[in-house]
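Mapping of the sequence shown onto the numbering used here: residues 52 to 372, in sequence order. Every residue, glycine too, gets a C-beta built ideally from N, C-alpha and C.
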Amino acid sequence: MEGVTDLPMRTFQTSLPGYTHCVTEFLRISHNVLPKKCYPRHANELNHNAKTPSGIPVHFQLLGGNPQLLAASASLAVERGAKNIDINFGCPAPTVNKRDGGATILQYPDRIESILKEIRSAIGTKASLSAKIRLGWENKTDVFETVNRVAKAGADWVTIHARTKAQGYQPPVDWELIGKIKKEFSFPVVANGDIWNFSDFLRCREITGCEHFMVGRGGLANPHLANRIARELGIKIQELNDFPNSTEWKNYILDFIKISQSVSNNPNYTLSRVKQWLGYLCLRYPFAHYQTIKRIQNIDDLISLLPDIQFSTIHEKHSSS
């Protein structure tokens with residue numbers, strides 16, 4: 052989720068009880084190995100034992116297609132403090148795929164194995180190694196060959212987004228196929244894709260048989276979703292409401308503004324990040340005030356307006372569904 056799960060969002064989301072791990076945005080490795088200074092710059096958590104301020108482990112994600120460059124980059128990331136290296140074979144963005152990265156490599160399972168083997172050889176047991184994939188480029192049954200290659204290469208687990216690249220984010224997700232993968236391979240599988248609410252999670256768990264789950268857009272739309280899922284999985288943590296109430300939403304936005312301002316002195320950056328976040332909220336829940344917020348041009352104006360904004364209609368809609 053490039054441009055979304057950056058340092059401020061990771062810091063905010065993991066400040067709430069629920070997440071056990073999080074993943075950085077991808078660092079693109081194209082033609083050269085990046086200097087050492089780039090790795091903690093990409094993920095400041097490397098300076099803090101690869102954990103967020105709340106103590107949640109952060110996995111460092113790389114993207115590219117050259118095994119040697121990725122392996123050298125993974126080694127540098129580990130040298131700078133990374134505890135896990137995750138390789139992005141799932142991004143469907145055309146700009147990424149045209150440059151030999153993300154989901155385009157799903158078309159070449161042998162390359163996936165080669166990349167992961169090279170990285171495993173380079174980092175040894177200094178860090179765990181995982182892969183984020185989709186079901187395939189166009190043919191979703193290609194996932195069986197892909198997972199086989201991931202396992203043979205020595206990765207520790209695989210996260211599967213239950214769509215093909217051709218689908219993008221269009222429905223439907225195929226959780227059933229992840230369930231078949233789970234049964235066929237004695238290899239940890241993380242289920243991902245369209246877990247927007249607790250009901251989605253329950254259905255995903257029942258269909259896939261998985262014990263591990265990744266949420267993305269759903270966690271942005273509802274910052275309490277991870278908490279509810281974690282408690283269902285038996286993780287003993289502070290209990291939150293299933294969905295933030297209006298006061299909680301306002302406090303969360305103010306918290307996120309403070310975190311973003313601590314990272315950048317550019318007020319436009321902070322304002323755009325808040326708008327982007329609330330845009331993900333609107334993907335799933337009606338929020339009448341969003342159009343007003345979109346027109347705001349100054350972060351101070353947004354802060355001044357917050358007391359007059361009501362999020363209660365979102366909570367009521369969620370509760371009745």
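Between the segment 278-289 and the segment 321-328, are three or more C-beta pairs nearer than 8 Å? no
Give me the Cβ distance between Lys231 and Cys261, rounded to the nearest whole Å; I'm assuming they're in contact under 8 Å. Their Cβ separation, rounded to whole angstroms, is 12 Å, which puts Lys231 and Cys261 out of contact at 8 Å.
For Glu299 and Asn316, what's the separation of their Cα atoms in angstroms? 25 Å
Grab the span of the beta strand (DSSP E) containing His263 for me, first residue to last. 263-265
Can you tell me the Cα-Cα spacing of Cys89 and His82, whole angstroms? The alpha-carbon atoms of Cys89 and His82 are separated by roughly 15 Å.
Rounded to whole angstroms, what is the Cα-Cα separation between Phe236 and Lys203? 11 Å
Would a C-beta distance cut-off of 8 Å place Ile166 and Ile138 closer than the cut-off? Yes, they are a contact pair.
Taking C-alpha atoms, which residue in Gln158, Leu329, Ile80 lies nearest to Leu113? Ile80
In whole angstroms, what is the alpha-carbon distance linking Gln218 and Val266? 18 Å
The alpha helix (DSSP H) with Arg282 in it runs from where to where? Per DSSP, Arg282 belongs to the alpha helix (DSSP H) from 276-283.
Nearest-angstrom Cα separation, counted from Lys216 out to Arg19: No information on residue 19 is available, as it lies outside the stretch 52 to 372 that the chain covers here.
Since Val74 and Leu127 should fall inside the 8 Å C-beta cutoff, what is the C-beta to C-beta distance between them, to a whole number of angstroms? 18 Å between Cβ atoms; not a contact.
Round the Cβ separation of Ile229 and Thr259 to the nearest angstrom and send it over; I've been treating them as touching at under 8 Å. 4 Å
Strand pairing of His140, partner residues [DSSP]: Reading the sequence as shown, one finds Phe at residue 140 and not His. Partner(s): Ile184.
In or out: Thr65 buried (at least 16 other Cβ within 10 Å) or exposed? Buried: at least 16 other Cβ atoms inside 10 Å.
Which ranges does the alpha helix (DSSP H) cover as unbroken runs of at least 4 residues, wholly within the segment 223-266, from first to last along the chain? Here the runs fully enclosed are 226-235, 249-259.
Between the beta-carbon of Leu356 and the beta-carbon of Ile350, is there less than 8 Å? No, the Cβ-Cβ distance between Leu356 and Ile350 is not below 8 Å.
Buried versus exposed, by CB contacts within 10 Å (16 or more), Asn302: exposed
Do Ala94 and Asn135 have their CB atoms nearer than 8 Å? no
In terms of residue numbering, what span does the alpha helix (DSSP H) encompassing Phe195 cover? Counting along the chain, Phe195 sits inside the alpha helix (DSSP H) bounded by residues 194-203.
Hey, Glu53 and Phe77: beta-carbon distance below 8 Å or not? yes
Taking 6 Å as the limit between beta carbons, can you name the residues of its chain near Ala213, skipping five residues before and five after? Val224, Asp225, Trp226, Ile229, Gly244
Nearest-angstrom beta carbon gap, Pro160 and Arg200 [assumed within contact, 8 Å]: 5 Å
Sub-8 Å separation of Leu310 and Thr62 beta-carbons: According to the sequence displayed, residue 310 carries Ile and not Leu. In contact: Ile310 and Thr62 (Cβ atoms closer than 8 Å).
What number of angstroms, rounded off, separates the C-alpha of Asn100 from the C-alpha of His72? 13 Å
Are Asn296 and Asn273 close, meaning C-beta to C-beta below 8 Å? no
Mind checking whether Glu116 and Ile156 have CB atoms under 8 Å apart? The sequence given here places Gly at residue 116; Glu does not occur at that position. The answer is yes: Cβ separation under 8 Å.
Return the CA-CA distance between Ile288 and Pro68, expressed in angstroms with no decimal places. 6 Å
Just curious, the alpha helix (DSSP H) that Gln112 is in, first and last residue? For Gln112, there is no enclosing alpha helix (DSSP H); the residue is found in the beta strand (DSSP E) stretching over 109-114.
Ile344 and Leu334 closer than 8 Å at C-beta: Cβ distance not < 8 Å, so Ile344 and Leu334 don't count as in contact.
Sort Gly132, Leu120, Gly106, Arg254 by Cα distance to Arg92 and report the nearest one. Restricting attention to Gly132, Leu120, Gly106, Arg254, the CA atom closest to the CA of Arg92 is found in Gly132.
Would you mind reading off the limits of the beta strand (DSSP E) that contains Val209? Under the DSSP assignment, Val209 falls in the beta strand (DSSP E) whose first and last residues are 208-215.
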